[in-house]
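Here's the structure we're looking at; comments come further down.
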Amino acid sequence: MRFPDGFLWGAATAAHQIEGNNLASDWWRAEQAGLLPHASGMACDSWNQWPDDIGLLRELGLNAYRLSVEWARIEPEPGRFDQSALDTYRRQLEAMKQAGIEPMLTLHHFTSPRWLADRGSWSSPDVMPRFAQYVERVARATSDLVRWWISINEPSILAFKACIEGSWPPHQPWNLRGYVRLLRHAARGHVLARRVLQAERSDALVSMAFAIWPAQAARWWSPIDQALARLVDWLWQGRILRRSLTSLDWIGVNYYSRTFVGWPWPTRPLGSDKRTDFGWEIYPAGLYSVLRQVGRFGKPVVITENGIADADDDQRAAYIVDHLREVHRAISDGVDVRGYMHWTLLDNFEWAEGFTQRFGLATRERQLRPSARVYASIARSNALPELAAVRASG
Ligand code: FCB
Numbered sequence: 003m004r005f006p007d008g009f010l011w012g013a014a015t016a017a018h019q020i021e022g023n024n025l026a027s028d029w030w031r032a033e034q035a036g037l038l039p040h041a042s043g044m045a046c047d048s049w050n051q052w053p054d055d056i057g058l059l060r061e062l063g064l065n066a067y068r069l070s071v072e073w074a075r076i077e078p079e080p081g082r083f084d085q086s087a088l089d090t091y092r093r094q095l096e097a098m099k100q101a102g103i104e105p106m107l108t109l110h111h112f113t114s115p116r117w118l119a120d121r122g123s124w125s126s127p128d129v130m131p132r133f134a135q136y137v138e139r140v141a142r143a144t145s146d147l148v149r150w151w152i153s154i155n156e157p158s159i160l161a162f163k164a165c166i167e168g169s170w171p172p173h174q175p176w177n178l179r180g181y182v183r184l185l186r187h188a189a190r191g192h193v194l195a196r197r198v199l200q201a202e203r204s205d206a207l208v209s210m211a212f213a214i215w216p217a218q219a220a221r222w223w224s225p226i227d228q229a230l231a232r233l234v235d236w237l238w239q240g241r242i243l244r245r246s247l248t249s250l251d252w253i254g255v256n257y258y259s260r261t262f263v264g265w266p267w268p269t270r271p272l273g274s275d276k277r278t279d280f281g282w283e284i285y286p287a288g289l290y291s292v293l294r295q296v297g298r299f300g301k302p303v304v305i306t307e308n309g310i311a312d313a314d315d316d317q318r319a320a321y322i323v324d325h326l327r328e329v330h331r332a333i334s335d336g337v338d339v340r341g342y343m344h345w346t347l348l349d350n351f352e353w354a355e356g357f358t359q360r361f362g363l364a365t366r367e368r369q370l371r372p373s374a375r376v377y378a379s380i381a382r383s384n385a386l387p388e389l390a391a392v393r394a395s396g
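This note's numbering puts the first residue of the sequence shown at 3, with every later residue one more than the last.
Structure follows, in structure tokens:
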């Protein structure tokens, strides 16, 4: 099962989850104020130890790395840009290029500067020109090194966590107005960011990373559940994707599992019993259907996240192989999939779960797990081995 030539084999991370000491961000402030159950602290200390992260990528033979830059570091106060932070990111990107690793750079991955949070964050219209200005600085400092860009990570998750559930900064449960505005501003922010990036570099390829958890009817025979599933799909993920379609050069898909909806709302987990440490159902076939669904838009697709919380590492190798088989099936059926970024390179600060969920190909001490070797051999050969061989080696 060979993959197309030039297929991007990577891992994905996000700044706040690995860098440590993200002092000027809204998350750091909320963590310190006890509004979140865990504190990120030094995280993986990647702000200092990034050469080791690149070392891991090299050891694995990966040819791509999705990482993010932290707005709060680059613009710790409104209008004051920190050149040394930009320089640090530039050095990382240069080192990646030298190692033959294609960077994929995310500009906003959940966290915002504190000062922006004080002004209403993504729910305020002020965010759009501010975001464009920040993106311009990043583009000026790095765009000669970066072709693949992600403007905003999972706006639908951010909006839900921040303005419906209220469990993430700015902690505003059931702020429906804020929810709608956040999504609207993210869609416009993306358009502005793309304009800025392509003015700096005309061949820049810009997408968002969309969280796509296909919604399924809890009772397949119930027309109410089926209608709800369609509604949730549209509200939750379809709407922002469709709205942004004309300004997407490719489509970034974050896929983990599916979700069941119905009325009354399902109270016990549905689907198969195969679950990750996080309790998420392992459902590789969903990745195929998502890829087919977004493939219809006729744009290149990259799986910008897919991975498993599995501290014992006894399910990860099979998880990777089973999902990649679905990716291969989608490619064979004509979907233009260009790459796969495994979430994640190393165990990190998993938002409200802190360090309890272990998604890493490596530990926080940067010890590679056995499953990482399986992924490495797939990436190196640009092909999926027979499952029997993987089982024997895993
Ligand atoms: C996604 C996030 C990512 C990580 C994974 C497990 O929703 O984009 O930062 O936390 O989930």
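All residues carry an ideal CB built from backbone N, CA and C; glycine is no exception. Here the structure is a predicted model, which means the values were calculated and not measured.
Kindly give me the distance between the Cβ atoms of N308 and Y342, rounded to whole angstroms, as I take these residues to be in contact under 8 angstroms.
7 angstroms
Using a threshold of 6 angstroms, is the CB atom of E156 nearer than that to any non-hydrogen atom of the ligand FCB?
yes
In terms of alpha-carbon separation, which member of A41, R60 and V182 lies closest to R382?
Of the candidates A41, R60 and V182, the one whose C-alpha sits nearest the C-alpha of R382 is R60.
Measure the C-alpha to C-alpha separation of V296 and W49 and round it to an integer number of angstroms.
Answer to the nearest angstrom: the Cα atoms are 35 angstroms apart.
Counting pairs of beta carbons, one from the region 22-35 and one from the region 52-67, are three or more of them closer than 8 angstroms?
no
At which residues does the beta strand (DSSP E) containing V303 begin and terminate?
V303 to E307
From L207 to S153, what distance separates their C-alpha atoms?
10 angstroms
Between the alpha carbons of M3 and Y290, how many angstroms are there, rounded?
15 angstroms
Grab the span of the beta strand (DSSP E) containing V208 for me, first residue to last.
DSSP places V208 in the uninterrupted beta strand (DSSP E) bounded by L207 to A213.
With DSSP run on the structure shown, which of helix, strand or coil describes T90?
Helix at T90.
Could you check if Q85 is buried or exposed, using at least 16 other CB atoms within 10 Å of its CB as the buried criterion?
exposed
For M106, which of L69, R92, Y136 and R245 has the nearest alpha-carbon?
L69
What number of angstroms, rounded off, separates the C-alpha of G396 from the C-alpha of A374?
Annotation note: pLDDT 46 at G396 (below 50); position unreliable, coordinate value reported separately. Near 10 angstroms, if we compare the C-alpha coordinates of A374 and G396.
For A385, does the three-state DSSP call read helix, strand or coil?
In the structure shown, A385 sits in a strand (DSSP, three-state: E or B).
Less than 7 angstroms between C-beta atoms, sequence neighbours within five positions excluded: which residues of the same chain meet that for F299?
L247 and I253
Hey, would you say T306 sits closer than 7 angstroms to N350, going by beta carbons?
no
Is there at least one non-hydrogen atom of the ligand FCB closer than 6 angstroms to the beta-carbon of A364?
Not under cutoff, so the answer is no.
If we define contact as Cβ-Cβ less than 7 angstroms, is V140 a contact residue for chain B?
In the structure shown, chain B cannot be found, because there is only a single protein chain.
Work out the CA separation of R190 and Q200 for me, nearest whole Å.
16 angstroms
Short of 8 angstroms in beta carbon distance, which residues of its chain neighbour L64, apart from the five on each side in sequence? Order them along the chain.
W11, G12, A13, I103, A378 and A381
Have a look at G168, W150, R132 and F112 and flag the residue whose alpha-carbon is nearest the alpha-carbon of K99.
W150
Return the chain-ordered ranges of every beta strand (DSSP E) run that is complete within the region 222-289 and spans a minimum of 3 residues.
As far as the region 222-289 is concerned, its whole beta strand (DSSP E) runs of at least 3 residues are 253-256 and 261-263.
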